[in-house]
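Visitor:
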Amino acid sequence: MDTIDIFKALSNETRLQILHWLKEPEKYFPNQDVDPYSVGICVSCIQKKTGLAQSTVSHYLSVLEAAGLVVATRQGQCTYYRRNEEAFSKFVSLVAKEL
Numbered sequence: 001m002d003t004i005d006i007f008k009a010l011s012n013e014t015r016l017q018i019l020h021w022l023k024e025p026e027k028y029f030p031n032q033d034v035d036p037y038s039v040g041i042c043v044s045c046i047q048k049k050t051g052l053a054q055s056t057v058s059h060y061l062s063v064l065e066a067a068g069l070v071v072a073t074r075q076g077q078c079t080y081y082r083r084n085e086e087a088f089s090k091f092v093s094l095v096a097k098e099l
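Residue numbers for the sequence shown, in full-length UniProt numbering: 1 to 99.
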């Protein structure tokens, strides 16, 4: 876990908003075809909710994935993203211990 990468990933308002939405996916992305907690939310649904270009949202999700904050799963033509709750727990513990 690279703490600096996590802080950088969290330093963008839209990336924070995406993480917030993914914390309660059934609330923000109802009527999904897959389990939003085990599989995730399709990138196109996230893109529609942000109102940003697909390439921008894909970049933001790549940054979050590189920091270990989300997990990507490819199914068919869609890539699904879900929060990596284990990484959040470790990060919170690390911050509490070190800072």
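Yeah, the Cβ is synthetic: ideal placement off N, Cα and C, and Gly gets one too.
Answer yes or no: do ARG15 and LEU64 have a C-beta to C-beta separation smaller than 8 Å?
Guide: yes
Visitor: Comparing C-alpha positions only, which one of ASN31, ILE41, LEU99, LEU52 sits nearest to THR73?
Guide: Comparing alpha carbon positions, the residue from ASN31, ILE41, LEU99, LEU52 closest to THR73 is ILE41.
Visitor: Whole angstroms are fine: how far does the CA of LYS49 sit from the CA of SER89?
Guide: 26 Å
Visitor: Apart from the five residues on each side of it in sequence, which residues of its chain come closer than 6 Å, Cβ to Cβ, to TRP21?
Guide: TYR28
Visitor: How would you label ALA53, buried or exposed, when you count the other beta carbons within 10 angstroms and need 16 or more for buried?
Guide: exposed
Visitor: Taking Cβ positions, are ARG83 and VAL39 nearer each other than 8 Å?
Guide: no
Visitor: Check whether the Cβ atoms of TYR60 and ASN12 sit closer than 8 Å, and answer yes or no.
Guide: Contact flag set, yes.
Visitor: Would SER55 and VAL43 qualify as a contact pair, given that the criterion is a beta-carbon distance under 8 Å?
Guide: Not in contact: SER55 and VAL43 (Cβ atoms no closer than 8 Å).
Visitor: Look at the alpha carbon of ILE6 and the alpha carbon of GLY68, and state the distance between them as a whole number of angstroms.
Guide: Each residue's CA atom was taken as its position, placing ILE6 and GLY68 some 8 Å apart.
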